[in-house]
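In the numbering used here, the protein residues as written are 4 to 628.
Printed below as a string of structure tokens:
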């Protein structure tokens, strides 16, 4: 072991207790990590990457055991001492001194990792007082300095906040502060940005990169996102089912991939260079029947849904969050668009932009404050917002929804058969035997074996659960499906399966869909027209090709600049991302903010929210050029 090797894992084997003995999940993994460098461990869920990080930190579940190999840690502060972490008692004093002190960890979901009953200042300061014996005013000052380092604009304000008072990006910054408060030699980041919007993700990555350079620490990055890997990692280890498939410097991994699994991972992610009609490569293909009964209320290409001047506000009343100011927040502010029959219409934006609220208002699962939603059904136009309870119940089969989280959206107490039959039972459709036949057909339609109908959701993988959610949405043969972040919780390979499935169903059934996401690459793959939302308003609306060829609104440009590409020749501009907040309207320029903004058409079909201004003409000339 050289003096530069901070962590070396040699032939590591980990097994879990099951009913019939031990099940090995990590099978002889070896890797090394040097001081000041970043090593990425890349793989799907279930590949063993998180288990390896837990073994390094001494956080394996009780039923998990290291059955072979070594985990050698050499602290740069004491380079003469080499510790085999695999032999240390997990709850012993030696491990407790290292964990949180010399080794820090950022977890995937900050909300479940932070205590809800303590301020983040108390939680971060606790790690400092435990390992550095700093107390009182000195500890608070050190904590606030760390908050400033990780990007809190007002550290004193942040110190007093509870986790629920912070956005996802700020919670992850709080986790980063907790992991780094003792200036560890090793930082393990387990999917640190999976749950974050693209712009917040880019800011957190930039912060990690800057802090690594300042502290000289090593980072073990656990992820399935090859775009993140391309922007952070010096060396990459690709793991599949507990074994390393390929390893090497980042340049070799991305420019000359050798193993079929790595090549498949690289081709499974949607990207902006995909040709029209090009499909994602799924690691495990799903056979979807090409036959189906197209069900459209109007002929393909004609307007199916009209949304005009939609309004929705939250706040006021008794909401404690707004009690101090008595203010309201406009979640949706004058949103208008049309969706044609057979079209996939994309809505993209950050959390809080109002995109999900628009979907719920169309579904009538939330009540709009104003505006009009017109659905063109077979019996003529329907004013959706004016429907009474009975009329709404009759109307609901026309529009169905696929939810973001397939775990919480499926009842754990119902079998798949019951889940698929429930919409038909509520609507009084078909007899029990016909409902079962329909459920079997739905399972085949989404690429699942009908023999699984009697299973419960917990026995399926995340991708399979999402396909069950899709089958449920199709149970009543809707004319339109609203897809609310349907793949944001899925691995890249499973994401490819689900996206290809949705495309196939759209083609075979003539489905119309509204695809809501914060992932621009996914929306680019799925949608033919895209609306970009910020602060409750549509700021840009164009065809897919127009939007990505000529992004005009500063917010759209900021979103595109924050997308991490799995391409070493297109790195993120970390320095600029730390300076610029794309959703800050103060940075948008005079023509894009203030009063009197309307959606101007700068080229046929391409509209931008702006003032009537001479700047429109030069934009059109630039597009023509």
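For each residue, glycine too, the CB sits at the ideal point set by N, CA and C. From a predicted model like this one, the values you see are computed outputs, not experimental measurements.
Next item on the list: Could you tell me the distance, in whole angstroms, from the CA atom of residue 502 to the CA atom of residue 494?
Entry: C-alpha separation (whole angstroms): 12 Å.
Margin query: Using only the alpha-carbon positions, how far apart do residue 121 and residue 134 sit?
Written below: The alpha-carbon atoms of residue 121 and residue 134 are separated by roughly 19 Å.
Check: Measuring CA to CA, which of 77, 118, 128 and 7 is closest to residue 105?
Finding: Measuring from the Cα of residue 105, the nearest candidate turns out to be 77.
Checklist line | Pairwise C-alpha distance: residue 173 and residue 202 | finding: Answer to the nearest angstrom: the Cα atoms are 13 Å apart.
Check: So who's on the other strand from residue 609, going by DSSP bridges?
Finding: Per DSSP, 606.
Next item on the list: Give the DSSP-derived three-state secondary structure of residue 273 in the structure shown.
Entry: Here residue 273 sits in coil by DSSP.
Notebook entry, point to check: Considering only C-alpha positions, which residue in the set 509, 563 and 389 is nearest to residue 348?
Noted result: In terms of CA proximity to residue 348, 509 leads the group 509, 563 and 389.
Check: Expressed to the nearest angstrom, what Euclidean distance is found between the alpha-carbon atoms of residue 417 and residue 460?
Finding: It is roughly 8 Å from the alpha-carbon of residue 417 to the alpha-carbon of residue 460.
Notebook entry, point to check: Skipping 5 residues on each side, what residues in its chain have a beta carbon closer than 8 Å to that of residue 25?
Noted result: Cβ neighbours of residue 25 beyond the five flanking positions: 18, 19, 68 and 70.
Note to self: Less than 8 Å between the beta carbons of residue 73 and residue 89, yes or no?
What the structure shows: Yes. Within cutoff.
Notebook entry, point to check: Fully enclosed by the region 374-437, which alpha helix (DSSP H) runs are 4 residues long or longer?
Noted result: Whole alpha helix (DSSP H) segments, 4+ residues: 392-398 and 419-430.
Note to self: DSSP three-state label for residue 28, please.
What the structure shows: Residue state, collapsed to three classes: strand.
Next item on the list: Can you check DSSP and say which residues form a bridge with residue 285?
Entry: Answer is none; residue 285 lacks a bridge partner.
Next item on the list: List the residues that DSSP assigns as beta-bridge partners of residue 483.
Entry: DSSP, once it has assigned bridges, lists 402 and 515 as partnering residue 483.
Next item on the list: Measure the alpha-carbon distance for residue 622 versus residue 532 and round it to whole angstroms.
Entry: Annotation note: pLDDT 37 at residue 622 (below 50); position unreliable, coordinate value reported separately. Going from the Cα of residue 622 to the Cα of residue 532 covers about 20 Å.
Checklist line | N-terminal and C-terminal residue of the beta strand (DSSP E) that residue 548 is part of | finding: Segment 547-552 is the alpha helix (DSSP H) holding residue 548; no beta strand (DSSP E) there.
Notebook entry, point to check: From residue 153 to residue 176, what distance separates their C-alpha atoms?
Noted result: Taken atom to atom, the span from the alpha-carbon of residue 153 to that of residue 176 is near 6 Å.
Item checked: Backbone secondary structure at residue 358 - three-state DSSP -> Assignment of residue 358 by DSSP, reduced to helix, strand and coil, places it in the helix class.
Check: In whole angstroms, what separates the C-alpha of residue 280 from that of residue 528?
Finding: Separation of residue 280 and residue 528 (C-alpha to C-alpha, rounded to the nearest whole angstrom) is 9 Å.
Check: What did DSSP end up calling residue 258 once you bin it into helix, strand or coil?
Finding: For residue 258, the three-state secondary structure derived from DSSP is helix.
Checklist line | residue 284 versus 272, 278 and 276, residue with shortest Cα-Cα distance | finding: The residue with the shortest Cα to Cα distance from residue 284 is 272.
Next item on the list: Give me the Cα-Cα distance between residue 113 and residue 561, rounded to the nearest whole angstrom.
Entry: Pairing residue 113 with residue 561, the inter-Cα distance amounts to about 25 Å.
Note to self: For residue 199, count the other beta carbons within 10 Å of its own beta carbon; 16 or more makes it buried, fewer makes it exposed. Which is it?
What the structure shows: Buried, because 16 or more other Cβ atoms sit within 10 Å of the Cβ of residue 199.
Notebook entry, point to check: Would you call the region 140-150 and the region 214-227 in contact, with 3 or more CB pairs under 8 Å?
Noted result: Pairwise C-beta distances place the region 140-150 out of contact with the region 214-227, as fewer than three of them are shorter than 8 Å.
Checklist line | Nearest neighbour of residue 608, chosen from 558, 567, 546 and 570 [CA to CA] | finding: When 558, 567, 546 and 570 are compared, the shortest CA-CA separation from residue 608 is found for 546.
Notebook entry, point to check: When DSSP labels each residue in this structure, what does residue 145 get in the three-state scheme?
Noted result: Residue state, collapsed to three classes: helix.
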